[in-house]
Amino acid sequence: MLIEELLSQELSKGLFALYKLDVPPVQLVFQKTKKEFEGDLTLVVFPFVKASRKAPEETALEIGTYLAGHLTEVSTFNAVKGFLNIVVSTDYWLTYFKGVEKQKDYAIRPVNETGDKVMVEYSSPNTNKPLHLGHIRNNLLGFSIAEILKAGGKQVVKATLVNDRGIHICKSMLAWKKWGAGETPDNTSDTACRKGDHLVGKYYVLFDKEFKVQSSKLLEQGMSKEDAEKKAPIILEVQEMLRKWEEGDPEVRTLWTLMNGWVYKGFESTYRTLGVDFDKTYYESETYLLGKKIIEQGLRKYVFEKKADHSVRIDLTADGLDEKVLLRPDGTSVYMTQDLGTAVQRFSESPDLNRLIYVVGSEQDYHFKVLFLILKKLGYKWAEDCFHLSYGMVELPEGRMKSREGTVVDADDLIKEMIDTAREMTLELGKTEFSDPAEAEELYRKIGLGALKYFMLKVDPKKKMLFNPKESIDLQGNTGPFIQYAYTRIRSILRKSELADGYLSWTADFIPEQKEKELIKLIYSFPAVIQEAGNSFNPGTIANFVYELAREYNHFYQDCPILKQESVSRRNFRLSLSAKTAEVISFSMKLLGIEVPERM
RNA sequence: GCACCCGUAGCUCAACUGGAUAGAGUGCAGGCCUCCGAAGCCUGAGGUUGUGGGUUCGACUCCCGCCGGGUGCACCA
Numbered sequence: 107m108l109i110e111e112l113l114s115q116e117l118s119k120g121l122f123a124l125y126k127l128d129v130p131p132v133q134l135v136f137q138k139t140k141k142e143f144e145g146d147l148t149l150v151v152f153p154f155v156k157a158s159r160k161a162p163e164e165t166a167l168e169i170g171t172y173l174a175g176h177l178t179e180v181s182t183f184n185a186v187k188g189f190l191n192i193v194v195s196t197d198y199w200l201t202y203f204k205g206v207e208k209q210k211d212y213a214i215r216p217v218n219e220t221g222d223k224v225m226v227e228y229s230s231p232n233t234n235k236p237l238h239l240g241h242i243r244n245n246l247l248g249f250s251i252a253e254i255l256k257a258g259g260k261q262v263v264k265a266t267l268v269n270d271r272g273i274h275i276c277k278s279m280l281a282w283k284k285w286g287a288g289e290t291p292d293n294t295s296d297t298a299c300r301k302g303d304h305l306v307g308k309y310y311v312l313f314d315k316e317f318k319v320q321s322s323k324l325l326e327q328g329m330s331k332e333d334a335e336k337k338a339p340i341i342l343e344v345q346e347m348l349r350k351w352e353e354g355d356p357e358v359r360t361l362w363t364l365m366n367g368w369v370y371k372g373f374e375s376t377y378r379t380l381g382v383d384f385d386k387t388y389y390e391s392e393t394y395l396l397g398k399k400i401i402e403q404g405l406r407k408y409v410f411e412k413k414a415d416h417s418v419r420i421d422l423t424a425d426g427l428d429e430k431v432l433l434r435p436d437g438t439s440v441y442m443t444q445d446l447g448t449a450v451q452r453f454s455e456s457p458d459l460n461r462l463i464y465v466v467g468s469e470q471d472y473h474f475k476v477l478f479l480i481l482k483k484l485g486y487k488w489a490e491d492c493f494h495l496s497y498g499m500v501e502l503p504e505g506r507m508k509s510r511e512g513t514v515v516d517a518d519d520l521i522k523e524m525i526d527t528a529r530e531m532t533l534e535l536g537k538t539e540f541s542d543p544a545e546a547e548e549l550y551r552k553i554g555l556g557a558l559k560y561f562m563l564k565v566d567p568k569k570k571m572l573f574n575p576k577e578s579i580d581l582q583g584n585t586g587p588f589i590q591y592a593y594t595r596i597r598s599i600l601r602k603s604e605l606a607d608g609y610l611s612w613t614a615d616f617i618p619e620q621k622e623k624e625l626i627k628l629i630y631s632f633p634a635v636i637q638e639a640g641n642s643f644n645p646g647t648i649a650n651f652v653y654e655l656a657r658e659y660n661h662f663y664q665d666c667p668i669l670k671q672e673s674v675s676r677r678n679f680r681l682s683l684s685a686k687t688a689e690v691i692s693f694s695m696k697l698l699g700i701e702v703p704e705r706m
């Protein structure tokens with residue numbers, strides 16, 4: 107049994123015995139003892155001093171005495187002010203370690219086929235331009251959260267909703283039709299455009315340029331800015347194209363299929379290097395009409411209102427929000443309509459779904475607030491199972507990325523730069539022992555991506571983060587490569603030992619040192635860390651944990667001889683502890699989507 | 001203007017959800033490779049947690065007011 111549970115139960119009894127206090131064990135929490143005090147777990151006794159009618163320190167001692175008297179797992183304790191520091195017996199830690207050392211998946215909960223099922227929607231790209239830095243954060247977050255939830259025992263469906271239609275998609279199509287001259291990813295002389303998403307992105311930019319030329323010309327002719335932007339010939343043309351698309355015009359549809367195909371191929375390649383994947387891909391072209399039926403139902407229930415201009419709206423002012431349009435006067439649907447539709451679709455498709463997580467930037471906080479509220483008003487009881495995992499923007503030192511100013515950090519470029527940096531760093535450090543160039547490249551990829559992913563995931567998703575392209579991402583200190591390095595050092599030791607061949611036996615004929623105990627405690631806490639990361643939808647929790655583990659191992663490595671340890675039992679214990687640490691590092695990193703190399 | 005979010009070492013981030021003397025990394029100053037891998041380890045300086053109040057045994061954390069920054073306020077997605 108977990109030591110916290112043992113303590114809580116006994117404490118619950120103790121509080122009653124001592125002070126006639128009736129507190130259920132779940133309400134009694136112990137926290138980790140701060141480094142500067144002696145002890146493993148700490149109880150804050152302030153809440154009990156009213157009942158004990160004694161000074162905090164005295165109360166702490168009294169409780170400590172009770173716990174030590176009733177639990178052999180408590181070896182000693184001390185009280186500082188209102189804090190009761192409990193020292194857990196080394197026997198408990200060693201027994202725990204013995205119990206899990208050979209159990210590879212000790213930290214995960216097996217997925218229960220009838221248990222919680224959660225869908226994580228992430229990535230959801232537009233098919234008119236390549237992925238950038240912001241998408242990278244989204245992708246890494248979505249993937250990692252999904253993996254963490256899986257490890258926490260949930261059934262997980264990774265989903266993405268591709269924004270494959272609409273006026274913005276038509277823009278690049280029209281530009282290509284006008285000026286493309288048959289350029290394709292295969293025949294292009296522009297090397298960057300061999301990747302289809304970049305090719306399509308180029309035409310999206312061309313459209314925008316022409317649009318600006320035309321609208322400023324109209325502006326000079328004395329037209330208002332608003333009108334100029336509405337009347338530019340190219341805008342009228344693209345609107346016509348969208349109309350044709352919706353009618354199913356074969357020529358437009360063919361072009362659409364062709365160009366989207368290029369984009370998908372490009373995305374696939376980026377996804378592959380990023381290591382993210384999806385169980386289910388939805389296309390907006392197939393879902394954009396969903397939702398109208400729901401609007402009708404809502405009208406019948408008087409949740410929505412049909413206005414004089416024939417638009418359908420919902421008044422949310424009573425909830426502190428605004429009036430929201432759900433159907434235009436001409437009966438066409440809007441973004442919200444569609445999102446209502448897809449949500450309903452997903453829950454009816456899989457009735458066992460009990461969580462739907464949208465990984466979407468914080469710019470859309472309001473949208474999701476409204477969406478969830480409408481679903482609730484429509485009477486869907488699963489509305490409260492919807493969750494917007496809102497993450498902060500990735501900012502540059504100058505502020506937000508702006509395509510107009512050309513400050514958008516392209517995903518593919520960034521990945522390439524990170525791999526280049528890893529290569530340079532490796533060569534600079536003189537780590538050139540890799541004869542096989544393919545193996546070396548594989549290593550640079552692992553390091554470069556490891557640095558990038560760790561950098562983006564260690565930050566709390568809710569917070570915006572800063573990325574400085576000029577100072578490339580660090581490879582030292584609190585970074586991915588730091589953790590990868592700790593891992594490779596362990597692997598190196600294990601290769602030199604006999605552990606690779608199997609289990610080495612040890613008996614606890616020694617008293618573990620503090621550094622050994624710290625490692626066991628971290629290994630012990632890992633399952634709880636996974637749960638917490640899942641509950642708070644925060645991969646940063648895993649990142650912080652694995653960093654601490656690597657750091658703690660480095661301390662241990664620094665002053666505890668392992669292979670040179672003369673006592674065989676202790677040597678084997680240290681090897682086993684090292685092996686377990688490596689395993690936990692590797693698994694933690696996997697939850698972050700980061701690979702660990704065998705050597706670096 | 002209204003709504004929401006955010007201000008923590010020079011810089012980038014933590015702080016177990018209200019607990020002890022607010023921790024790491026980086027940068028800076030110094031030290032450690034004849035010893036399991038120095039992408040590592042150790043020491044030092046660096047803070048009135050934007051600011052003023054309030055709540056209480058206790059506040060980076062909760063409440064109110066200011067100051068500064070961001071995002072949203074489409075019949076776009």
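Take the first sequence: its position 123, counted from the start at 1, is 229 in my numbering, and no numbers get skipped.
From the three backbone atoms N, C-alpha and C, an ideal C-beta is built for every residue, glycine too.
Just so we're clear, the structure is a prediction, and the values are computed from it rather than from any experiment.
Beta bridge counterpart(s) of residue i as assigned by DSSP
i    : result
H494 : Y464
H86  : Only positions 107 to 706 of the chain appear in this structure, which leaves residue 86 out of reach.
I420 : K430
K386 : A265
S439 : L433
D292 : According to DSSP, D292 bridges with nothing at all.
G505 : L502
N366 : N366 pairs with nothing; no bridge assigned.
N232 : N269
H238 : D516
Span of the alpha helix (DSSP H) around residue i
i    : result
K726 : With the chain running from 107 to 706 in the structure shown, residue 726 is simply not present.
D665 : P645 to D665
Q133 : Run containing Q133: none; DSSP gives neither H nor E here.
P587 : G586 to K602
S278 : I273 to W285
H176 : P162 to H176
A123 : I109 to Y125
G302 : G302 to E326
I401 : K398 to R406
E335 : K331 to K337
S158 : V155 to S158
Element boundaries [beta strand (DSSP E), containing residue i]
i    : result
I192 : F189 to V194
S181 : V180 to V186
L267 : Q261 to V268
T538 : Counting along the chain, T538 falls outside any beta strand (DSSP E), and DSSP gives it neither H nor E.
V789 : Not covered by the structure: residue 789. The range shown for the chain is 107 to 706.
Outcome for residue i when other beta-carbon atoms lying within 10 angstroms are tallied against a minimum of 16
i    : result
Q590 : buried
S702 : The sequence as given places Val at residue 702; Ser does not occur at that position. Classification for V702: buried.
D270 : buried
N234 : buried
A414 : exposed
T148 : buried
F478 : buried
T376 : buried
Whole-number beta carbon distance between residue j and residue i, since they are thought to touch under 8 Å
i    : j    : result
L481 : L446 : 7 Å
P567 : V515 : With a Cβ gap of about 19 Å, P567 and V515 do not count as contacting.
G188 : V132 : With 8 Å as the limit, G188 and V132 do not qualify as a contact, their Cβ atoms being about 22 Å apart.
M279 : L361 : 5 Å
K412 : L422 : That belief does not hold up - the Cβ atoms of K412 and L422 are roughly 16 Å apart, past 8 Å.
G505 : K569 : Not a contact, Cβ separation roughly 16 Å.
S230 : V263 : The pair is not a contact, with the Cβ atoms about 14 Å apart (cut-off 8 Å).
V465 : G248 : 4 Å
Per-residue DSSP class, three states only, for residue i
i    : result
A252 : helix
L733 : Because the chain is modelled from 107 through 706, residue 733 falls outside the range shown and cannot be assessed.
G354 : coil
A688 : helix
M225 : strand
E411 : strand
L459 : coil
D519 : helix
N678 : helix
M706 : coil
M571 : strand
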